[in-house]
Amino acid sequence: FTTDTPLDHFIKFNYIRDALTIMNINEKTKAEIIKQEK
1 FTTDTPLDHF
11 IKFNYIRDAL
21 TIMNINEKTK
31 AEIIKQEK
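Take 1 as the starting number for the sequence shown in the UniProt record's numbering and just add one per residue.
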């Protein structure tokens, strides 16, 4: 993603954050996924 304006950055940041929240992805699950892939 490119963020051309502060508003664009704000919208995209929150969109990605919300998507990860809905999928229940946090630092713990991220680390577990990375560990499983090794």
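Glycine included, every Cβ here is placed at the ideal spot set by N, Cα and C.
Counting along the chain, the unbroken alpha helix (DSSP H) around LYS12 starts and ends at 6-22. Distance between ASP8 and ARG17, taken at the CA atoms: about 14 Å. Scanning its chain for C-beta atoms nearer than 7 Å, with the 5 sequence neighbours on each side dropped, one finds around THR3 the residues HIS9 and LYS12, in chain order.
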